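Here the sequence shown is numbered in the numbering used here, starting from 32 and rising by one per residue.
One structure below.
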Amino acid sequence: GPLRRVVCIPDRKEKLFDCEHFRLKFFLQSNRMLSRVALLSAAQRPAALALIRGTSTTPLPGFERPVRAEYGGKVRMGFIPDEWFQFFYPKTGVTGPYVFGTGLITYLCSKEIFVMEHEFYSGISLFIMVFFATKKFGPALAEYLDKEIDKVEDDCNAGRIEEEKSLTDAIESEKKEQWRAEGQMLLFDAKKENVALQLEAAYRERAMTVYNEVKRRLDYQVERQNIDRRISQKWQVQWVIDNVLKSITPDQETQTLNKCIADLGALASARK
């Protein structure tokens with residue numbers, strides 16, 4: 032090989048032996064390096080696969096999911112995409128696509144690459160028939176097919192719309208329950224106020240009971256003192272009267288009686 036011609040001298044046996052030894056050593060080192068590369072790539076493959084799996088479902092920034100087009104793209108002459116014309120405009124101008132198309136058709140026909148046999152004219156007739164059929168029956172057929180597609184789409188979306196409606200109703204009911212829970216909080220506040228008023232009424236009732244009991248006991252003490260005073264006064268007056276009566280002698284009693292009779296007589300004569 033080329034390596035042997037470069038590093039070996041064919042007319043010497045020892046050089047040939049060294050050349051074969053060098054080739055064997057180079058082959059072993061190459062296999063060892065390739066095995067290391069293979070092992071390294073095999074070791075990195077799960078991490079790369081995990082990275083791909085981890086990021087395959089991650090949306091890229093600014094990524095927009097493709098939406099199915101409702102209508103086809105803009106065309107010219109009934110079948111040529113408008114993008115082809117837009118591709119020619121920056122380079123050839125407005126007439127470029129038409130010149131290119133005319134030249135291409137002329138070249139194909141002149142070189143008989145496109146052979147115009149009897150089927151070509153049948154194709155032209157068929158194209159004219161299809162064109163007029165499309166112009167005449169196309170809108171009605173398109174409207175009918177659109178209605179059918181709308182029916183199929185409505186049938187497909189019925190379950191989703193129903194589920195969305197049920198979830199919306201569940202959300203609304205949950206919001207209403209939260210609103211009712213807020214009303215329960217107001218009811219709790221009212222109940223707390225009622226309990227506070229009941230406690231205040233019970234406190235005042237008990238305070239009035241204590242007041243009445245204390246007043247009754249104080250009135251009892253006052254009445255007791257009054258009774259003690261009256262009894263003491265009564266017995267004191269009676270004691271004084273008894274002592275006075277005991278100190279009066281029969282002569283003093285007779286004199287007093289006579290004196291009273293005389294006073295009564297004087298009063299009677301004075302009245303006359």
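Even for Gly, the Cβ is constructed at its ideal location relative to N, Cα and C.
Here the structure is a predicted model, which means the values were calculated and not measured.
Option nearest residue i by Cα separation, candidates the options
{"i": "Asp113", "options": "Lys122, Thr126, Lys105", "result": "Lys105"}
{"i": "Glu174", "options": "Val271, Gln252, Tyr102", "result": "Tyr102"}
{"i": "Thr165", "options": "Ala238, Gln283, Lys277, Gly109", "result": "Gly109"}
Extent of the continuous alpha helix (DSSP H) to which residue i belongs
{"i": "Thr240", "result": "149-278"}
{"i": "Leu120", "result": "It should be noted that the sequence gives Tyr, not Leu, for residue 120. Its alpha helix (DSSP H) spans residues 113-123."}
{"i": "Tyr129", "result": "127-141"}
{"i": "Ile290", "result": "Ile is not the amino acid found at residue 290; the sequence shown has Lys there. Where Lys290 is concerned, the enclosing alpha helix (DSSP H) stretches over 281-302."}
Through-space distance from residue j to residue i, alpha-carbon basis
{"i": "Gly93", "j": "Leu176", "result": "35 Å"}
{"i": "Leu230", "j": "Gln256", "result": "39 Å"}
{"i": "Leu198", "j": "Glu224", "result": "39 Å"}
{"i": "Arg260", "j": "Gln267", "result": "10 Å"}
{"i": "Leu70", "j": "Glu194", "result": "Because the pLDDT at Leu70 is just 47, under 50, the model does not fix this residue reliably, and the point stays unresolved."}
{"i": "Ser141", "j": "Leu172", "result": "40 Å"}
{"i": "Ala79", "j": "Ile192", "result": "Residue confidence is low: Ala79 scores 44 on pLDDT, short of 50, so the model does not pin down where it sits. No coordinate-derived value is stated."}
{"i": "Pro128", "j": "Pro121", "result": "11 Å"}
{"i": "Leu298", "j": "Val275", "result": "27 Å"}
{"i": "Thr287", "j": "Glu254", "result": "41 Å"}
{"i": "Tyr28", "j": "Leu228", "result": "Nothing in the structure corresponds to residue 28, since the chain is present only between 32 and 303."}
{"i": "Met216", "j": "Glu205", "result": "16 Å"}
{"i": "Val271", "j": "Gln264", "result": "10 Å"}
{"i": "Thr133", "j": "Asn188", "result": "48 Å"}
{"i": "Glu244", "j": "Ile262", "result": "27 Å"}
{"i": "Ala233", "j": "Asp273", "result": "59 Å"}
{"i": "Val125", "j": "Phe118", "result": "10 Å"}
{"i": "Ile159", "j": "Ile136", "result": "19 Å"}
{"i": "Ala100", "j": "His149", "result": "39 Å"}
Proximal residues to residue i (C-beta, below 6 Å), its chain only, five neighbours per side dropped
{"i": "Asp200", "result": "none"}
{"i": "Asp294", "result": "none"}
{"i": "Gly154", "result": "none"}
Residue i Cβ short of 7 Å to the ligand COA heavy atom set
{"i": "Arg302", "result": "This structure simply doesn't include the ligand COA, nor any ligand for that matter."}
Beta-carbon contacts of residue i that lie in its chain and below 7 Å, excluding the five residues immediately before and after
{"i": "Phe151", "result": "none"}
{"i": "Leu139", "result": "Phe145"}
Sequence-distant residues of its chain with Cβ nearer than 8 Å to residue i (five each side left out)
{"i": "Val130", "result": "Thr123"}
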